[in-house]
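Q: For the sequence shown, numbering that gives the first Met the number 0 begins at 0 and goes up steadily by one. Note that CB positions come from ideal geometry on N, CA and C, so glycine has one too. This one's a predicted model, so the numbers in the text were calculated from it and none came from an experiment. Dropping a structure here in structure tokens format, bear with me for questions.
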Amino acid sequence: MDRRQARDWRNLALLWVVFGAFSSLVLVPWMIRNYPPVYALEGEVSDEAVFFLLYFAVTGFVLIVVSLVYMVARFRSGGEDDGGVGGRVHPLYVGLWVAISALLNVTFVIYPGVYGLKEIAKSAAVKDPLVVEVTALQWGWKFSYPQLGLTDQEELVLPRGKTAKIVVRSRDVLHSFWVPAFRIKVDAVPGTTNVLYITPTEEGSSEEDPRIRVQCAELCGVGHAWMRAPVRVVSEAAFLAWVEAQGGRRAQVLAREGE
Ligand SMILES: [Cu+2]
Numbered sequence: 000m001d002r003r004q005a006r007d008w009r010n011l012a013l014l015w016v017v018f019g020a021f022s023s024l025v026l027v028p029w030m031i032r033n034y035p036p037v038y039a040l041e042g043e044v045s046d047e048a049v050f051f052l053l054y055f056a057v058t059g060f061v062l063i064v065v066s067l068v069y070m071v072a073r074f075r076s077g078g079e080d081d082g083g084v085g086g087r088v089h090p091l092y093v094g095l096w097v098a099i100s101a102l103l104n105v106t107f108v109i110y111p112g113v114y115g116l117k118e119i120a121k122s123a124a125v126k127d128p129l130v131v132e133v134t135a136l137q138w139g140w141k142f143s144y145p146q147l148g149l150t151d152q153e154e155l156v157l158p159r160g161k162t163a164k165i166v167v168r169s170r171d172v173l174h175s176f177w178v179p180a181f182r183i184k185v186d187a188v189p190g191t192t193n194v195l196y197i198t199p200t201e202e203g204s205s206e207e208d209p210r211i212r213v214q215c216a217e218l219c220g221v222g223h224a225w226m227r228a229p230v231r232v233v234s235e236a237a238f239l240a241w242v243e244a245q246g247g248r249r250a251q252v253l254a255r256e257g258e
């Protein structure tokens, strides 16, 4: 390595340290602070995975852009007759880069991938979840609570801290059940039943925060964009009062809570 090469490596290393530190100490923490609030346990698992990958993705992106800009500026052609700086990449660098990126990818598949899915799957093992049957239709949502004797409700009301088993069906075409604040989504497929679990952690409603709403996430016709339904996460007492007001019955599934 001659002196010019050594200087280029030193400059690059310095830029990597400065911009790498900026992205991982300032940029990514800022992005995380400005992330929309999460209202469900399963959503927290998903957010953790996103934040973990964000550190690698943003820092990697910044380092690549810094290297590119440096090389474009440093090795640009001096004029028409100047062929620029030619060179060969040592096979060792190529092999090393392939090995590192393969290792990173395998790591990400295991953590947060497989690990996160296992965390979310824990909700499915909860005993006596509150069952909510969701029907998607052109263009709206219906919510039924078979344990409580409630059918065709216009809003999704959930008690905080209680795992809900959301059973999703479609009456006509493909739709997708999505609540941005819960960070979880599943398709509503005609002729098929899809299930997901939500454990709300915070009280809130669509009126306070528009991200706490059911929104269709699969293009389903002209009314797709307006295919929404209000969501409310309330205390257990408020939930029981709501069930009573709607003409439902008190069920074991809720009475057993807190034992
Ligand atoms: Cu839709």
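State the DSSP-derived secondary structure class of Lys126, mapped to helix, strand or coil.
A: As a first step, residue 126 is located in the sequence shown; it is residue number 127 there, counting from the start. In this structure, Lys126 counts as coil in the three-state DSSP scheme.
Q: Kindly give me the distance between the Cβ atoms of Ser205 and Ala187, rounded to whole angstroms, as I take these residues to be in contact under 8 angstroms.
A: Within the sequence shown, residue 205 is the residue found at index 206, counting from 1. Within the sequence shown, residue 187 is the residue found at index 188, counting from 1. Rounded to whole angstroms, the Cβ separation of Ser205 and Ala187 is 20 angstroms, and the two are not in contact under 8 angstroms.
Q: In chain order, what are the residues with a CB under 6 angstroms from some non-hydrogen atom of ligand 1?
A: My final list is His174, Cys215, Glu217, Leu218, Cys219, His223, Met226.
Q: Following the continuous beta strand (DSSP E) through Gln4, name the residue where it begins and the one where it ends.
A: As a working mapping, residue 4 is identified with position 5 in the sequence shown. Run containing Gln4: none in the beta strand (DSSP E); it sits in the alpha helix (DSSP H), 2-21.
Q: Within its chain, find whatever has a CB closer than 6 angstroms to the CB of Val44; leave out the 5 residues flanking it on each side and keep chain order.
A: Here residue 44 is taken as the residue at index 45 of the sequence shown, counted from 1. Contacts found: Gly115, Glu118, Ile119.
Q: For Ile211, name the three-state secondary structure that DSSP assigns.
A: Position 212 of the sequence shown, counting from 1, holds the residue named residue 211. DSSP places Ile211 in coil when its eight states are reduced to three.
Q: So for Leu239, helix, strand or coil by DSSP?
A: Within the sequence shown, the letter at position 240 stands for residue 239. In the three-state DSSP reduction, Leu239 falls in the helix class (H, G or I).
Q: Using a Cβ-Cβ distance cut-off of 9 angstroms, determine whether Gly115 contacts chain D.
A: Of the chains in the structure shown, none is chain D; there is only one protein chain.
Q: Relative to the C-alpha of Val194, which candidate in Arg3, Phe176, Val71, Ala224 has its C-alpha closest?
A: Along the sequence shown, read from residue 1 onward, the residue named residue 194 stands at position 195. The candidate whose alpha carbon is nearest that of Val194 is Phe176.
Q: Closest to Thr191 by C-alpha separation, out of Pro209, Lys126, Asp171, would be which residue?
A: If you number the sequence shown from 1, residue 191 lands on position 192. Selected option, being the one with the closest Cα: Asp171.
Q: Could you tell me the boundaries of the alpha helix (DSSP H) in which Pro28 lies?
A: As a working note, residue 28 is residue 29 in the sequence shown. From DSSP, the alpha helix (DSSP H) with Pro28 extends over 27-32.
Q: Can you say whether Thr162 is buried or exposed, counting buried as having 16 or more other CB atoms within 10 angstroms of its CB?
A: Numbered from its first residue, the sequence shown carries residue 162 at position 163. Looking at its Cβ environment, which holds 16 or more other Cβ atoms inside 10 Å, Thr162 is buried.
Q: Quick one: what's got a C-beta closer than 8 angstroms to Phe18's C-beta in the same chain, skipping five residues either side?
A: Start at 1 with the first residue of the sequence shown, and residue 18 comes out as number 19. These residues qualify, in order along the chain: Val61, Leu62, Val65.
Q: If we ignore side chains and look at the alpha-carbon of each, how far apart do Pro158 and Ala39 end up?
A: What you label residue 158 is simply residue 159 of the sequence shown in a count that begins at 1. What you label residue 39 is simply residue 40 of the sequence shown in a count that begins at 1. When the Cα atoms are used, Pro158 and Ala39 turn out to be separated by approximately 11 angstroms.
Q: Out of Phe55, Trp140, Lys184, Gly220, point me to the one whose CA is closest to Asn104's CA.
A: As a position in the sequence shown, residue 104 is number 105, starting the count at 1. That would be Phe55, whose Cα lies nearest to the Cα of Asn104.
Q: Taking Cβ to Cβ, would you say Arg248 is nearer than 9 angstroms to Leu155?
A: The residue labelled residue 248 in the question sits at position 249 within the sequence shown. The residue labelled residue 155 in the question sits at position 156 within the sequence shown. No, Cβ-Cβ distance for Arg248 and Leu155 is not below 9 angstroms.
Q: Please determine if the region 121-139 and the region 215-223 are in contact, where contact requires at least 3 C-beta pairs separated by less than 8 angstroms.
A: yes
Q: For Ser169, report the span of its alpha helix (DSSP H) as first-last.
A: Translated into the one-based positions of the sequence shown, residue 169 becomes position 170. Where Ser169 is concerned, there is no enclosing alpha helix (DSSP H), although the beta strand (DSSP E) it sits in stretches over 163-169.
Q: Could you tell me which residues DSSP puts in a beta bridge with Ser175?
A: Translated into the one-based positions of the sequence shown, residue 175 becomes position 176. According to DSSP, which records beta bridges pairwise, Ser175 is partnered with Asp186.
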